[in-house]
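In my numbering, the protein residues as written are 252 to 428.
Reading through the structure tokens given below for one structure.
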Ligand SMILES: CC(C)(COP(=O)(O)OP(=O)(O)OC[C@H]1O[C@@H](n2cnc3c(N)ncnc32)[C@H](O)[C@@H]1OP(=O)(O)O)[C@@H](O)C(=O)NCCC(=O)NCCS
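See the structure below:
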């Protein structure tokens with residue numbers, strides 16, 4: 252009998268990396284033949300000792316496929332964006348969307364950041380309604396559209412940089428650089 256449907260979020264394992272590369276390919280495929288590059292990117296995330304790299308499954312069955320991944324990292328993009336902890340990439344398989352996985356993965360990353368800082372950042376394409384709504388529902392507010400993160404471009408539009416204060420205070424200007 253299959254275990255009941257329960258969203259499970261856990262740290263990534265080496266055996267999950269191909270599934271994560273497949274999810275990355277869905278979102279950020281690139282040209283045919285790009286698979287080795289995608290696998291190398293995912294492997295590099297996994298090898299980073301200082302980041303948060305989580306995956307999600309839809310039940311607690313260990314044989315269940317990974318249907319989502321999400322990361323958080325500390326970035327120093329100064330002077331074009333604030334130094335701090337950023338939500339850094341989330342992809343949920345199309346067949347598993349709108350079931351709460353994105354929220355679970357993001358809440359878990361915010362808990363990880365909250366152990367390290369009182370503030371979290373994320374950025375997305377200004378046309379990415381799903382991402383904007385998801386993060387708004389967690390309390391993120393738009394901070395700027397005039398920013399740049401080295402190595403990141405926003406296809407067909409501008410990016411939105413958004414901020415969330417993780418304690419009870421108001422958004423502290425002192426967190427920005
Ligand atoms: C963005 C993404 C991760 C959301 O994942 P998800 O598991 O579907 O999100 P959830 O089910 O947890 O949705 C939580 C809330 O976010 C908002 N939301 C999610 N998808 C949405 C959509 N397509 N349109 C509008 N709002 C949406 C809703 O408020 C939703 O709550 P609701 O379903 O009760 O209305 C997913 O759409 C995805 O992988 N997109 C491609 C990759 C991507 O764009 N990543 C973001 C880069 S910053």
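Don't be surprised by glycine CBs; every beta carbon is placed ideally from N, CA and C.
Inset, instruction - Tell me whether residue 262 is buried or exposed, calling it buried when 16 or more other Cβ atoms sit within 10 Å of its Cβ. - result: exposed
Inset, instruction - In angstroms with no decimal places, state the Cα-to-Cα distance between residue 264 and residue 350. - result: Their Cα atoms are separated by approximately 23 Å.
Inset, instruction - Express the C-alpha separation of residue 402 and residue 428 in angstroms, rounding to a whole number. - result: Reliability fails at residue 428, whose pLDDT of 27 lies under 50, so the model's placement of it is uncertain and the value that follows must be treated cautiously. Each residue's alpha carbon lies about 19 Å from the other.
Legend entry - Reference residue 380; option with closest CA among 355, 362, 409 and 398: 409
Inset, instruction - Kindly provide the ranges of any beta strand (DSSP E) runs that are 3 or more residues long and lie completely inside the region 313-338, ordered along the chain. - result: 319-326
Legend entry - Neighbour-count burial assignment, residue 330, 16 or more Cβ in a 10 Å radius: exposed
Legend entry - residue 266 Cβ short of 7 Å to ligand 1 heavy atom set: no
Inset, instruction - Can you tell me which of 270, 300 and 275 puts its alpha carbon nearest to the alpha carbon of residue 316? - result: 270
Inset, instruction - May I ask whether a heavy atom of ligand 2 can be found less than 7 Å away from the beta carbon of residue 407? - result: No copy of ligand 2 occurs in the structure displayed; its ligands are ligand 1 alone.
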